[in-house]
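Take a look at the structure set out below.
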């Protein structure tokens, strides 16, 4: 690609030391040649040099920029695109604005399709990687296509072939965008399906009874969350014993433990979790609760349990506040 920075101000076919084009020959927004002037100069240059390559540079998604950021922002992007293209041409090259979002370049020194395609790639890469990083800049890209002069070609013929290539690229981009939208729709469907699979249909209010492994996963999840949120949580272990504080006989445990589970589920809030830990114990995880509040919760469970129990069975409990997970440490 041509990169002659010392002649940046000499775009549009103007030669060093020559007379600048009249103001009416230049596009009012970008300052580069108007379409009619650029095409007339290309026609003249083709007849003189009998060769060269014509490039069409289409600014992508100008309509989206106008809609999201306003037409003044879109105009600034057009001016910036013209400025960048001006930096990328040689003194004898011709740069003009063909339409709202299209620019044309004619390079008389480029006579090989491989070289022309490489230049197209450099133009696209320049807009893809070389701008938009500055604060406040709106990023945009440019699609560049080319047509190399062949015997008998006119400016109109070159433009026609370049137009066909540009339309093909636009159609390809449209199909790619369409595919992305279809995939996006599929992902939305996937997310909705996951939501339906995960959502719980609560049949009645109360605590969340889970098996021990699930309880442990919830416990560890909360442990990690406390690091960020500082949320309070408390763990309670409730054990059913006899009047002497001894373990009950196997045939006594089943009925009492079933009743205790019902009492716990009915007493706790809908966000709390509990599990059967052993043949005579339940483990409870209560959210937004301190140790003092946990004692009050256990008193309510005891009251309900003992009111329903005609025997001399009692409940004992132990509790502690959940602490944040300690990275890199193991509890003894």
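In my numbering, the protein residues as written are 1 to 332.
We treat Cβ as the ideally placed atom computed from N, Cα and C, and that holds for glycine.
8 Å contact criterion, which residue i and residue j should meet: CB distance rounded
| i | j | result |
| --- | --- | --- |
| residue 316 | residue 284 | Residue 316 to residue 284, Cβ: 14 Å. No contact. |
| residue 359 | residue 35 | The structure shown does not extend to residue 359, since the chain spans only 1 to 332, so no value can be given for it. |
| residue 82 | residue 103 | 7 Å |
| residue 301 | residue 238 | 7 Å |
| residue 53 | residue 146 | 5 Å |
| residue 58 | residue 101 | 6 Å |
| residue 85 | residue 105 | 7 Å |
| residue 75 | residue 33 | Between residue 33 and residue 75 the Cβ distance is about 18 Å, and since that is not below 8 Å, they are no contact. |
| residue 69 | residue 138 | 6 Å |
| residue 140 | residue 67 | Residue 140 to residue 67, Cβ: 13 Å. No contact. |
| residue 56 | residue 166 | 5 Å |
| residue 232 | residue 143 | Wrong, their Cβ atoms sit about 57 Å apart, outside the cutoff. |
| residue 148 | residue 111 | 7 Å |
| residue 282 | residue 260 | 6 Å |
| residue 324 | residue 218 | At roughly 16 Å, the Cβ-Cβ gap does not stay under 8 Å, so residue 324 and residue 218 are not in contact. |
| residue 234 | residue 321 | 5 Å |
| residue 91 | residue 51 | That pair is no contact at about 17 Å. |
Bridge-paired residues (DSSP) for residue i
| i | result |
| --- | --- |
| residue 278 | 281 |
| residue 107 | 53 |
| residue 321 | 234 |
| residue 239 | 281, 316 |
| residue 286 | 234 |
| residue 59 | 142 |
| residue 208 | 273 |
Residue i, enclosing beta strand (DSSP E) - first and last residue
| i | result |
| --- | --- |
| residue 29 | It is not in any beta strand (DSSP E) - residue 29 carries neither H nor E in the DSSP assignment. |
| residue 97 | 94-97 |
N-terminal and C-terminal residue of the alpha helix (DSSP H) that residue i is part of
| i | result |
| --- | --- |
| residue 222 | 212-229 |
| residue 146 | Not the alpha helix (DSSP H): residue 146 falls in the beta strand (DSSP E), residues 142-148. |
| residue 121 | 113-129 |
| residue 89 | Looking at the DSSP string, residue 89 is not in any alpha helix (DSSP H), and its letter there is neither H nor E. |
| residue 201 | No alpha helix (DSSP H) holds residue 201; DSSP gives it neither H nor E. |
| residue 152 | Premise fails: residue 152 is in no alpha helix (DSSP H) and is neither H nor E. |
| residue 70 | Run containing residue 70: none; DSSP gives neither H nor E here. |
| residue 34 | Unbroken run through residue 34: none, as it is neither H nor E. |
| residue 101 | Run containing residue 101: none; DSSP gives neither H nor E here. |
| residue 300 | 291-308 |
Any non-hydrogen atom of the ligand MG within 7 Å of residue i CB
| i | result |
| --- | --- |
| residue 94 | The ligand MG is absent from the structure shown, which contains no ligand whatsoever. |
Beta carbon proximity, residue i to chain B, threshold 8 Å
| i | result |
| --- | --- |
| residue 207 | Of the chains in the structure shown, none is chain B; there is only one protein chain. |
Between the stretch 114-130 and the stretch 40-50, do three or more beta carbon pairs fall short of 8 Å? no
Would you call the stretch 205-217 and the stretch 261-275 touching, i.e. three or more CB-CB distances under 8 Å? yes
Which full runs of the beta strand (DSSP E) of 3+ residues lie inside the stretch 241-272, going along the chain? none
Below 8 Å, can you find three or more Cβ-Cβ pairs linking the stretch 190-209 to the stretch 256-270? yes
Could you tell me whether the stretch 248-255 touches the stretch 185-199, using the rule of 3 or more Cβ pairs below 8 Å? no
Taking 8 Å as the threshold, find out whether the stretch 285-301 comes into contact with the stretch 239-250 through three or more Cβ pairs. By the Cβ rule, the stretch 285-301 does not count as touching the stretch 239-250, because fewer than three pairs are nearer than 8 Å.
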